[in-house]
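Residue numbers (the working numbering): 1308 to 1752. Heads up, the thing below is written out as structure tokens.
Here it is as structure tokens:
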């Protein structure tokens, strides 16, 4: 277009990268309401992740295994350090903690059914243990959180392991929340709190303030459960070396390390996007802490936060993890954010794949809701089968990669099997940049 006065072409308008449309929209929303934004899901920003790593398959220097006649084992045992009854799993992919309250009863049942069929464990989440979840979960991990919602010694004894939650990847250093519209009669009764009132979980445990107190708490839980149950410590990815070391010092059997791509039922958007470390940046420091203390593999490391495929599983294990845990991916597998509900997601002001409607309590898929009519849309038997299928595919994918690298067990994958596509991923994972034998910070360079 020509300027009428001077005949000079106008400059094409350029959108500000700093003040982008989403940022401006958030400024306007904050100015209009005076409250911070709350949503569910995980970080949406692009950060270095497992996609920035590639495997180096075998050729001459390595000898690959034949998938149709040579086995690649997948079994993992969690809790071998002190527990009398460690958890024996068929696959190294577990289901992360997601509460009844955040999720519907049928959703929790589906997770238990699917995990059990696949030979792995599921986890309670904040809010206590339901009979349906315990009944359909062959291996159930009980989360012990700062809120203590629904906590009682009998449920601790019914569990197969106990996970003390110190932090979560989506909100390390901060507590969670469950909005009032999801507090049904049953949820309120389980949490001993009023129906229909927003519930906030504390950011720290009320009865200890450091690793020495944590050691006392772990001993207390061991006494309550007759030293049978493995004790996990879950931390959000912020200072993985020191947090892992202190968890080991306090007596943990298992360390669960959750990166910032992990999801949450609801918290401040500013937490989800601006607090914590990418999962990829957490693994090597945690493994180094275990190695420095001489307990790598004795104290198992479970990694979570953005695990989606068998390739992600294999990469996490190659970097030193013993197992992984999935949350968002498991929800997608059983039907969350399915495109068939797009019209109803649009009515909520969301869209399929946005994952920001979990806190609203009106999930059309019947998963993140306590509305009986919506929850009834989810068939827990069929959803459980879908989860089993998904876990099976992930396991087969990881096995395929391990065989291609010449390994007969997923635990034999190692950093030498990997290279990085970017400088950031190379520095975080401490594996060579593709086509070189160097990574940023490599000793001797």
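Cβ atoms here follow ideal geometry from the backbone N, Cα and C, with glycine treated the same way. Please read these numbers as outputs of a predicted model, since none were measured by experiment.
C-alpha gap between residue i and residue j, whole angstroms
i            : j            : result
residue 1375 : residue 1710 : 11 Å
residue 1751 : residue 1520 : 40 Å
residue 1652 : residue 1659 : 7 Å
residue 1308 : residue 1323 : In this predicted model, residue 1308 has a pLDDT of only 49, less than 50, meaning its place in the structure is not dependable enough to derive any value.
residue 1314 : residue 1334 : 37 Å
residue 1585 : residue 1633 : 15 Å
residue 1487 : residue 1725 : 46 Å
residue 1484 : residue 1377 : 48 Å
residue 1445 : residue 1649 : 34 Å
residue 1754 : residue 1353 : Because the chain in this structure spans residues 1308 to 1752, residue 1754 falls outside the shown range and cannot be described.
residue 1663 : residue 1414 : 18 Å
residue 1743 : residue 1727 : 10 Å
residue 1618 : residue 1496 : 42 Å
residue 1701 : residue 1616 : 6 Å
residue 1365 : residue 1573 : 44 Å
residue 1638 : residue 1697 : 11 Å
residue 1433 : residue 1403 : 11 Å
residue 1644 : residue 1417 : 16 Å
residue 1549 : residue 1599 : 11 Å
residue 1464 : residue 1706 : 35 Å
residue 1737 : residue 1547 : 15 Å
residue 1749 : residue 1330 : 38 Å
residue 1699 : residue 1581 : 34 Å
residue 1647 : residue 1731 : 38 Å
residue 1460 : residue 1684 : 34 Å
residue 1551 : residue 1326 : 38 Å
residue 1655 : residue 1681 : 14 Å
residue 1719 : residue 1419 : 29 Å
Residue i: first and last residue of the uninterrupted alpha helix (DSSP H) it sits in
i            : result
residue 1379 : Where residue 1379 is concerned, there is no enclosing alpha helix (DSSP H), given that its DSSP letter is neither H nor E.
residue 1531 : 1518 to 1531
residue 1711 : 1687 to 1711
residue 1423 : 1412 to 1425
residue 1443 : 1438 to 1443
residue 1620 : 1617 to 1625
residue 1653 : 1649 to 1654
residue 1463 : 1460 to 1465
residue 1340 : 1328 to 1340
residue 1497 : 1492 to 1498
Cross-strand partners of residue i (DSSP beta bridge)
i            : result
residue 1561 : 1539, 1607
residue 1396 : 1383
residue 1676 : 1669
residue 1346 : 1574
residue 1401 : 1632
residue 1430 : 1404, 1448
residue 1362 : 1725
residue 1740 : 1727
residue 1485 : 1506
residue 1716 : 1380
Start and end residues, beta strand (DSSP E) containing residue i
i            : result
residue 1572 : 1571 to 1575
residue 1472 : 1468 to 1472
residue 1594 : Here residue 1594 belongs to no beta strand (DSSP E); instead the alpha helix (DSSP H) covers 1586 to 1599.
Cβ shell of residue i (< 8 Å), same chain only, five flanking positions each side left out
i            : result
residue 1678 : 1668, 1669
residue 1336 : 1344
residue 1716 : 1379, 1380, 1381, 1709
residue 1355 : 1585, 1587, 1588, 1729, 1731, 1732, 1735
Own chain residues within Cβ distance below 6 Å of residue i, not counting five before or after
i            : result
residue 1612 : 1476, 1565, 1566, 1568, 1569, 1586
residue 1560 : 1386, 1388, 1389, 1390, 1537, 1538
residue 1524 : 1515
residue 1296 : Nothing in the structure corresponds to residue 1296, since the chain is present only between 1308 and 1752.
residue 1631 : 1400, 1610, 1614, 1620, 1623
residue 1554 : 1540, 1562
residue 1421 : 1691, 1694, 1695
residue 1636 : 1615
residue 1576 : 1344, 1346
residue 1350 : 1567, 1568, 1579, 1580
Cβ-based neighbour list, residue i, same chain, cut-off 7 Å, excluding 5 preceding and 5 following
i            : result
residue 1522 : 1557, 1558
residue 1511 : 1453
residue 1492 : 1502
residue 1426 : 1396, 1397, 1398
residue 1443 : 1416, 1419, 1420, 1423
residue 1462 : 1435, 1436, 1449
request  = Inspect the CB distances between the segment 1705 to 1721 and the segment 1368 to 1383 and report whether three or more fall short of 8 Å.
outcome  = These segments touch.
inquiry  = So, does the segment 1661 to 1678 touch the segment 1397 to 1404, judging by three or more C-beta pairs under 8 Å?
reply    = These segments do not touch.
ask   = Looking at C-beta atoms only, is the number of pairs between the segment 1613 to 1628 and the segment 1356 to 1365 that lie closer than 8 Å three or more?
value = Because the criterion of three Cβ pairs below 8 Å is met, the segment 1613 to 1628 and the segment 1356 to 1365 touch.
key: Contact between the segment 1459 to 1477 and the segment 1535 to 1543 (3+ Cβ pairs under 8 Å)   = Touching, yes.
query = Per the contact definition of three or more C-beta pairs closer than 8 Å, is the segment 1403 to 1417 in contact with the segment 1437 to 1447?
reply = Flag = yes, the segment 1437 to 1447 and the segment 1403 to 1417 touch.
query = Can you find at least 3 beta carbon pairs, one from the segment 1450 to 1458 and one from the segment 1499 to 1516, that sit closer than 8 Å?
reply = yes
message = Does the segment 1591 to 1598 come into contact with the segment 1495 to 1504, if we say contact requires no fewer than three beta-carbon pairs (one atom in each stretch) closer than 8 Å?
response = Short answer: they don't touch.
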